[in-house]
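J.: One structure is given below, represented as structure tokens, and several questions about it will come after.
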Amino acid sequence: MSAVERPIGMFDSGFGGLTVARALIDLLPGEDLVYIGDTGRYPYGPRPADEVRRFAEELARSLVDEHGAKVVIVACNTAAAAGLDELRATMPVPILDVIAPGAEALVRATATGRAGVIGTVGTVASGAYRAAVASTGAPVQLTTAACPGFVEFVERGQTEGDEVTVLAERLLAPVREADIDALLLGCTHYPFLARTIGEVMGAGVTLVSSADETAFAAQRILGELGLLRAPSRAGDAARRGEHRFLSSGDVDVFRQLGARLLGPELDHTEPWSPGA
Ligand code: DGL
0 MSAVERPIGM FDSGFGGLTV ARALIDLLPG EDLVYIGDTG RYPYGPRPAD EVRRFAEELA
60 RSLVDEHGAK VVIVACNTAA AAGLDELRAT MPVPILDVIA PGAEALVRAT ATGRAGVIGT
120 VGTVASGAYR AAVASTGAPV QLTTAACPGF VEFVERGQTE GDEVTVLAER LLAPVREADI
180 DALLLGCTHY PFLARTIGEV MGAGVTLVSS ADETAFAAQR ILGELGLLRA PSRAGDAARR
240 GEHRFLSSGD VDVFRQLGAR LLGPELDHTE PWSPGA
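Throughout the sequence shown, residue numbering follows numbering that gives the first Met the number 0, covering 0 to 275 in sequence.
What follows is the structure, encoded as structure tokens:
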């Protein structure tokens, strides 16, 4: 198999990265994708950073060594915030993540210069978004808030309802009080809660998700490296990529809930275990 024909690898602690997978499949429908959801070990948010870094290395190695990934997309803010420098230095393929594309999109979205980021405890505590927004050079006053509990709702398939609203009202209070006009969903699970988050924040706040931006970044980097599959020419039968989904947790749960969250491409889930 030529380098161009190898799949794009992607992982998250669970279902959240499916928001990035959806954007990638829509943007690059001819590319093959291998996605691993580490639902057996989620949530990553409360775990120590060195443990999350070890998980990220296992997942990235599996995608490259066992599945021949030509690039690995870390579709998990918590894993990216724990630090990817060592992984980048040791892996033979580019390692992309969601933080820089998300920060750039947030800076573009705010008109008042007052913006917010919400994420897991690990992501917010790392300061990774403060650093990423600062490195854009834009004069943005950033307010951040951790939202423990949001990921668990998504992993249970509960994406709206009174309980979600009550928790959102409590956790989003700091960003509401900061009078922001743009809020980055700095956890790939959160777009599944966008309706509730949007209602709680109010119509004057633009919600920004890093999913589309990350897909565009992947397209650009693969293009620069000459690793992008050529788009089908007009008149050719369009190639549909193969999409494989693996989970370290219950594969039936992953297939059922995953299909609801991602769409019909997720019709089958294979088991994955660390070091297998
Ligand atoms: N979806 C992940 C993120 O973007 C992690 C959620 C978790 O496992 O805590 O941060």
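For glycine and all other residues, C-beta sits at the position ideal for the given N, C-alpha and C. Source: prediction; values computed, not measured.
The alpha helix (DSSP H) spanning residue 53 covers which residue range?
T.: For this step, residue 53 is matched to residue 54 along the sequence shown. That run of the alpha helix (DSSP H) goes 48–60.
J.: Comparing the CB of residue 128 with every heavy atom of the ligand DGL, is any distance shorter than 8 Å?
T.: As a working mapping, residue 128 is identified with position 129 in the sequence shown. Residue 128: no, Cβ never under 8 Å from the ligand DGL.
J.: Let's test the definition: count the other Cβ atoms within 10 Å of the Cβ of residue 6 and tell me whether it reaches 16, buried, or not, exposed.
T.: As a position in the sequence shown, residue 6 is number 7, starting the count at 1. Buried.
J.: Enumerate in chain order the residues of its own chain whose CB-to-CB distance from residue 56 is below 7 Å, with the five nearest sequence positions on each side excluded.
T.: Here residue 56 refers to the residue found at position 57 of the sequence shown. Cβ neighbours of residue 56 beyond the five flanking positions: 86.
J.: Considering residue 24, what are the terminal residues of the alpha helix (DSSP H) in which it resides?
T.: For the purposes of this step, residue 24 is taken as residue 25 along the sequence shown, with counting starting at 1. First-last of the alpha helix (DSSP H) with residue 24: 17–26.
J.: Hey, out of 269, 274, 100, whose CA is closest to residue 320's CA?
T.: What the structure shows of the chain is the stretch from 0 to 275, and residue 320 is not part of that stretch, so it cannot be assessed.
J.: Tell me the DSSP secondary structure of residue 223 in three-state form.
T.: On the sequence shown, position 224 is the one that residue 223 refers to. Helix at residue 223.
J.: Hey, quick one: how far does the beta strand (DSSP E) through residue 259 stretch, first residue to last?
T.: Along the sequence shown, read from residue 1 onward, the residue named residue 259 stands at position 260. No beta strand (DSSP E) holds residue 259; the alpha helix (DSSP H) holding it covers 250–261.
J.: Determine, using beta carbons only, whether residue 217 and residue 95 come nearer to each other than 9 Å.
T.: Taking the sequence shown and counting its residues from 1, the one referred to as residue 217 is at position 218. Taking the sequence shown and counting its residues from 1, the one referred to as residue 95 is at position 96. Taking 9 Å as the Cβ cut-off, residue 217 and residue 95 qualify as a contacting pair.
J.: Residue 142 and residue 177: beta carbons closer than 9 Å?
T.: The count along the sequence shown starts at 1 and reaches residue 142 at position 143. The count along the sequence shown starts at 1 and reaches residue 177 at position 178. Contact: yes.
J.: Quick check for students: name the residue ranges of the alpha helix (DSSP H) that lie wholly in the stretch 44–131, counting only runs of 4 or more.
T.: Fully enclosed alpha helix (DSSP H) runs of 4 or longer: 48–60, 76–81, 84–89, 98–108, 120–125.
J.: Expressed to the nearest angstrom, what Euclidean distance is found between the alpha-carbon atoms of residue 173 and residue 38?
T.: For the purposes of this step, residue 173 is taken as the residue at position 174 of the sequence shown. For the purposes of this step, residue 38 is taken as the residue at position 39 of the sequence shown. Cα to Cα, residue 173 sits roughly 30 Å from residue 38.
J.: Is it the case that the stretch 175–193 contacts the stretch 113–122, given that we only count it when at least three CB pairs across the two stretches are under 8 Å?
T.: Cβ pair count under 8 Å is three or more, so yes.
J.: Restricting to Cα atoms, I'd like to know which of 150, 128, 125, 237 is closest to residue 14.
T.: The sequence position of residue 14 within the sequence shown is 15, counting from 1. Minimum Cα distance to residue 14 is reached at 150.
J.: Locate the beta strand (DSSP E) running through residue 10, then write down its first and last residues.
T.: To locate residue 10, count along the sequence shown from 1; it is residue 11. Where residue 10 is concerned, the enclosing beta strand (DSSP E) stretches over 7–11.
J.: Please report the distance separating the alpha-carbon of residue 1 from that of residue 160.
T.: Within the sequence shown, numbered from 1, the residue matching residue 1 stands at position 2. Within the sequence shown, numbered from 1, the residue matching residue 160 stands at position 161. Spanning the two alpha carbons is a distance of roughly 48 Å.
J.: Throw me the rounded Cβ distance for the residue 207 and residue 105 pair, which I believe falls under 8 Å.
T.: On the sequence shown, position 208 is the one that residue 207 refers to. On the sequence shown, position 106 is the one that residue 105 refers to. Sure, about 5 Å apart at Cβ, within 8 Å.
J.: Grab the span of the alpha helix (DSSP H) containing residue 155 for me, first residue to last.
T.: For this step, residue 155 is matched to residue 156 along the sequence shown. It is not in any alpha helix (DSSP H) - residue 155 carries neither H nor E in the DSSP assignment.
J.: Using only the alpha-carbon positions, how far apart do residue 261 and residue 155 sit?
T.: In the sequence shown, counting from the first residue as 1, residue 261 sits at position 262. In the sequence shown, counting from the first residue as 1, residue 155 sits at position 156. Approximately 15 Å between the Cα atoms of the pair.
J.: I need the straight-line Cα distance from residue 190 to residue 165, nearest angstrom please.
T.: On the sequence shown, residue 190 is found 191 positions in, with the first residue counted as 1. On the sequence shown, residue 165 is found 166 positions in, with the first residue counted as 1. For residue 190 and residue 165, the distance between alpha carbons rounds to 17 Å.
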